[in-house]
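Novice: Got a structure for you, questions after.
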Amino acid sequence: MIPQIINGLIFASILFLVATGLTIIFGILRVVNFSHGSFYLLGVYIAYSITRLSHDPVLYLASPFIAGTIVGGVGMAFERGLLSRVYGRGELFELLMTYGMIFVFIDVFRIGWGTMPISDPTITFMLGTVSIAGYTMPLYNIYLISIAAVLAVVLWFLLFKTNVGMVIRATSFDREVTSSFGVNVNRVYALTFFLGCFLAGFGGGLMLPITGAWIGLDIDMLIIGLVVVVVGGLGSIKGALAASLLIGLVRSFGISMFPAVELAIVYVIMIAVLIVKPSGLFGGVEH
Amino acid sequence: MRDYRIVYLAAAVLLFLVPFTGEYATYLTGLALLFGVAALALNVLLGYTGLLSFGNALFFGCGAYTVGLLIKHFDITAIEILFPASIAASFVVAVLVGFICVRHTRIYFTMLTIALASLFYALAHKLRPITGGDDGIRVYETYIFGHEITSIIEFYYVVLIFFIASILILRIILKSPFGLTLQAIRDSELRARFAGISIMKYRLGAFIVSGVFTGMSGALYALFLGQISPDDVLGLTRSGEFVAMTILGGFTSFVGPIVGAFVFTYLKAFVSSVALYWYMVAGIIIVGIVLFVPMGIMGEVERRIRGF
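Protein chains in written order, with the numbering used here: chain A, 1 to 287; chain B, 1001 to 1308.
What follows is the structure, encoded as structure tokens:
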């Protein structure tokens, strides 16, 4: 049981980071960012390049933060430079633009990091192992789950206890009124995109030692992220948390018990949730 | 209004003559014809009903896998059985999936289509004993009314007939009261509801039409190519290509998706043959269309013809 639970929590942590980014961006900009999986993958690749510089454990532990920040910057540049030009033309065009970026990124990855899968578990050896209830596992796994939990708390604090968070929430509630109070809404958009892409890139950086990266993971991550967001309720961070835990654990137990249909179970859960509650677990957003 | 019948006739004659220019051109044009029908079917939802499906590969794959599975497990090689069977399969899947999807609109609809297509992708991928997993299924030695199809050129004419028939039927459907009602719902759901129209029923209808035509083109794709795999016929990028073709050609025009499918297919073949980075080019094209020609090629052409 314990290994499945830990693996499920690792998966849930990453899903939470990816899905929260998606859901925050949707909540504020009303855009579903199809290139979110690509930003995640960019995070893994950048963390890989950073850790090529030196085999210092501190650098390994810092790499997700650096990668996240760079990915956030790339995301913000994309939002300011391209995406913001099509606001108001309808969600079809916003979606398509983020979809087109998936392909641009695929070739960026191929040119920059080659076509072979990459991974680097060095840090898991450096940190050693721990024993929980008789099971030995890498300490890094526990570190990953803890840091994701810390980040969830920081995010909650940022959004619900600071002025910046208040402005972000106000913008998601009513853009026009917020704007009329003198808030620079464009800056909120850019900040939100930075934050969402930071979370994706950070999650990617954390996963370098465990799964690494390969081309194709971008779309897998996007789809599973969308499933989490749909199950949790679009725009709801609480929903993203609950759905990440649900899907992370289900998938982990599914892999060990029904490997043939492990992914299918996830989609079946999604369909079941939507039939019972079309807006998702915590979705109050009007359809 | 000018009469465009002569243009259509010329296009039909040209398509009829394509096999004389060689096997590769025939192969590419055959693909373009099949994708053209799939893009047209997507546009039944996007252009006429206002619903963006990013999961139409589900039906494409459903048609293709019906053919593949019947050949692999039941040794059925008669196209006159395989083709109706894939129509039936796509119809059933479209009803079931549509029942879940059409209760939602906008982005919720789009995300559901992605998720449901991914479910089928995951099944095709993982149920290796049944579907062959990653390797997919080889489709070969198929017969039409007892006559074995041996060359791509012969089958090209089957595809061409299917293409012309599909255009005519879809044209009739979209001009019918049913098609006009779809457009009314797209333009104002509220007014349509006040007029006593059952919105869900019409949306489900559009979904089924889209699914069945996509399924048919998927079935012929399997027969035409002779090989199917989950990534090729069920993946998100396949669904995305249908959307990209439709937008490239212009979703406000009836023939737009066909034009888009042709341009996209030829361009993909050309760029892949001269450069390594087709994906980059495809991405830039999609972003470029969104930025500069949002109404697509035919939208732009029609705007120029009208003179404003």
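Built from N, CA and C at the ideal position, the CB exists for glycine as well. Computed from a predicted structure; not experimentally measured.
Which residues, in order along the segment 1220 to 1251 of chain B, keep a beta-carbon less than 9 Å from a beta-carbon of chain A?
Specialist: Hits within the stretch, in order: D1231, G1235, L1236, T1237, G1240, V1243, A1244, I1247 and F1251.
Novice: Using a Cβ-Cβ cutoff of less than 7 Å, which residues in the same chain neighbour M116(A) once the five nearest sequence positions on both sides are dropped?
Specialist: As a first step, residue 116(A) is located in the first sequence; it is residue number 116 there, counting from the start. Closer than 7 Å at Cβ, skipping near neighbours: no residue.
Novice: Grab me the residues of P57(A)'s own chain with a C-beta within less than 8 Å of its C-beta, minus the 5 sequence neighbours each way, in chain order.
Specialist: As a working mapping, residue 57(A) is identified with position 57 in the first sequence. Correct list, in chain order: I123, M126 and L127.
Novice: According to DSSP, simplified to helix, strand and coil, what is S180(A)?
Specialist: Numbered from its first residue, the first sequence carries residue 180(A) at position 180. Of the three classes helix, strand and coil, the one that applies to S180(A) here is helix, per DSSP.
Novice: Within 8 Å of any Cβ in chain B, is that where the Cβ of E79(A) sits?
Specialist: Numbered from its first residue, the first sequence carries residue 79(A) at position 79. Not an interface residue.
Novice: Label E286(A) either buried or exposed according to how many other C-beta atoms from any shown protein chain fall within 10 Å of its C-beta, with 16 as the threshold for buried.
Specialist: Position 286 of the first sequence holds residue 286(A). Caution applies to E286(A), whose pLDDT of 41 falls short of 50 and renders its modelled position unreliable; the value that the coordinates give is listed next. When all chains shown are included, E286(A) counts as exposed.
Novice: Below 8 Å on the Cβ atoms is my guess for A19(A) versus A264(A); work out the distance and round it to an integer in Å.
Specialist: Against the first sequence, residue 19(A) aligns to sequence position 19. Against the first sequence, residue 264(A) aligns to sequence position 264. Between A264(A) and A19(A) the Cβ distance is about 20 Å, and since that is not below 8 Å, they are no contact.
Novice: Comparing the C-beta of Y117(A) with each C-beta of chain B, is any distance below 8 Å?
Specialist: Taking the first sequence and counting its residues from 1, one reaches residue 117(A) at position 117. Here the sequence assigns Pro to residue 117(A), which means Tyr is not the residue at that position. It does not; no Cβ of chain B falls within 8 Å.
Novice: What are the uninterrupted segments assigned as beta strand (DSSP E) that are 3 or more residues long and contained completely in the segment 101 to 173 of chain A, given in chain order?
Specialist: 129 to 132 and 135 to 138
Novice: Check this for me: beta carbons of V1233(B) and G1030(B), under 8 Å apart or not?
Specialist: On the second sequence, position 233 is the one that residue 1233(B) refers to. On the second sequence, position 30 is the one that residue 1030(B) refers to. It is not a contact, given that the beta carbons lie outside the stated cut-off.
Novice: Of the choices I1079(B), Y1121(B), A1085(B) and V1255(B), whose alpha-carbon is the least far from that of M1295(B)?
Specialist: Mapped onto the second sequence, residue 1295(B) falls at position 295. That would be V1255(B), whose Cα lies nearest to the Cα of M1295(B).
Novice: Going by C-alpha distance, which of V32(A), P138(A), S236(A) and I247(A) is nearest I224(A)?
Specialist: As a first step, residue 224(A) must be located in the first sequence, where it is residue number 224. Of the candidates V32(A), P138(A), S236(A) and I247(A), the one whose C-alpha sits nearest the C-alpha of I224(A) is I247(A).
Novice: Based on Cα-Cα distance, which residue from R1193(B), I1152(B) and Q1227(B) lies nearest to L1028(B)?
Specialist: Translated into positions along the second sequence, residue 1028(B) becomes position 28. Closest option to L1028(B), Cα to Cα, is I1152(B).
Novice: Does DSSP classify A1195(B) as helix, strand or coil?
Specialist: As a working mapping, residue 1195(B) is identified with position 195 in the second sequence. Coil, per DSSP.
Novice: Name, going along the chain, the residues of the segment 1089 to 1111 of chain B whose beta-carbon falls closer than 8 Å to a beta-carbon of chain A.
Specialist: I1100, R1103, H1104, T1105, R1106, I1107, Y1108, T1110 and M1111
Novice: Going by DSSP in three states, A1011(B) sits in which element: helix, strand or coil?
Specialist: Within the second sequence, the letter at position 11 stands for residue 1011(B). In the structure shown, A1011(B) sits in a helix (DSSP, three-state: H, G or I).
Novice: Mind listing the chain B neighbours of M101(A)? Cutoff is C-beta to C-beta under 8 Å, in chain order.
Specialist: Residue numbering aside, residue 101(A) sits at position 101 when the first sequence is read from its first letter. Against M101(A), the close residues of chain B are G1283 and V1287, in the order they occur along the chain (beta-carbon pairs closer than 8 Å).
Novice: Output the boundary residues of the alpha helix (DSSP H) element that contains G21(A).
Specialist: As a position in the first sequence, residue 21(A) is number 21, starting the count at 1. Element bounds for G21(A): I2 to L29.
Novice: Let's test the definition: count the other Cβ atoms within 10 Å of the Cβ of V1274(B) and tell me whether it reaches 16, buried, or not, exposed.
Specialist: Here residue 1274(B) refers to the residue found at position 274 when the second sequence is read from its first residue. Result: exposed.
Novice: Which value, in whole angstroms, describes the spacing of the CA atoms of G254(A) and I1161(B)?
Specialist: For this step, residue 254(A) is matched to residue 254 along the first sequence. For this step, residue 1161(B) is matched to residue 161 along the second sequence. Each residue's Cα considered, the two are about 46 Å apart.
Novice: For L1033(B), which residues of its own chain have a beta-carbon under 7 Å away from its beta-carbon, when the five flanking residues on both sides are left out?
Specialist: One-based indexing of the second sequence puts residue 1033(B) at position 33. These residues qualify, in order along the chain: V1159, L1160 and F1163.
Novice: Could you check what DSSP says for I1130(B) in three-state terms: helix, strand or coil?
Specialist: Translated into the one-based positions of the second sequence, residue 1130(B) becomes position 130. Helix at I1130(B).
Novice: Suppose the cutoff is 6 Å on Cβ atoms and the five residues either side in sequence are ignored; what does the same chain contact list for T1105(B) look like?
Specialist: Sequence index remark: in the second sequence, residue 1105(B) carries index 105 (1-based). Result list for T1105(B): empty, nothing under 6 Å.
Novice: Shorter than 8 Å from the beta carbon of L9(A) to some beta carbon of chain B?
Specialist: Start at 1 with the first residue of the first sequence, and residue 9(A) comes out as number 9. L9(A) does not count as touching chain B.
Novice: Anything in chain A within Cβ reach of S1118(B), meaning under 7 Å, just list it in chain order.
Specialist: Position 118 of the second sequence, counting from 1, holds the residue named residue 1118(B). Residues of chain A passing the Cβ test: I223 and Y267.
Novice: Going by DSSP, what residues sit across from R1138(B) in a beta bridge?
Specialist: By one-based count along the second sequence, residue 1138(B) stands at place 138. R1138(B) pairs with Q1227(B).
Novice: Just tell me which of R169(A), N163(A) and L29(A) has its CA closest to the CA of I1107(B).
Specialist: Here residue 1107(B) refers to the residue found at position 107 when the second sequence is read from its first residue. Nearest option by C-alpha distance: L29(A).
Novice: Within 8 Å of any Cβ in chain B, is that where the Cβ of A260(A) sits?
Specialist: The residue given as residue 260(A) occupies position 260 in the first sequence. It does; some Cβ of chain B falls within 8 Å.
Novice: In chain C, which residues lie with their C-beta within 9 Å of the C-beta of L263(A)?
Specialist: Protein chains A and B are contained in the structure displayed, whereas chain C is not.
Novice: Within this structure, are the beta carbons of M1280(B) and G1260(B) separated by less than 8 Å?
Specialist: Sequence index remark: in the second sequence, residue 1280(B) carries index 280 (1-based). Sequence index remark: in the second sequence, residue 1260(B) carries index 260 (1-based). No, they are not a contact pair.
Novice: Which of the three DSSP states, helix, strand or coil, is assigned to H1147(B)?
Specialist: Translated into positions along the second sequence, residue 1147(B) becomes position 147. The answer is strand: DSSP assigns H1147(B) an E or B state.
Novice: Does D218(A) come within less than 8 Å of chain B when only Cβ atoms are used?
Specialist: If you number the first sequence from 1, residue 218(A) lands on position 218. D218(A) does not count as touching chain B.
Novice: Can the beta-carbon of F1207(B) be found less than 8 Å from the beta-carbon of C1101(B)?
Specialist: Here residue 1207(B) is taken as the residue at index 207 of the second sequence, counted from 1. Here residue 1101(B) is taken as the residue at index 101 of the second sequence, counted from 1. Yes. Within cutoff.
Novice: My assumption, with CB atoms under 8 Å, is that S13(A) sits in contact with L144(A). Please give the rounded CB distance.
Specialist: Numbered from 1 along the first sequence, position 13 holds the residue referred to as residue 13(A). Numbered from 1 along the first sequence, position 144 holds the residue referred to as residue 144(A). Confirmed, about 6 Å.
Novice: Using three-state DSSP, classify P1275(B) as helix, strand or coil.
Specialist: The residue you call residue 1275(B) lines up with position 275 of the second sequence. Looking at the sequence itself, residue 1275(B) is Ala, so the reference to Pro does not match. Correct three-state label for A1275(B): coil.
Novice: Going by DSSP, what residue range makes up the alpha helix (DSSP H) through V1004(B)?
Specialist: Mapped onto the second sequence, residue 1004(B) falls at position 4. According to the sequence shown, residue 1004(B) is Tyr rather than Val. That residue, Y1004(B), is in no alpha helix (DSSP H); it is neither H nor E in DSSP.
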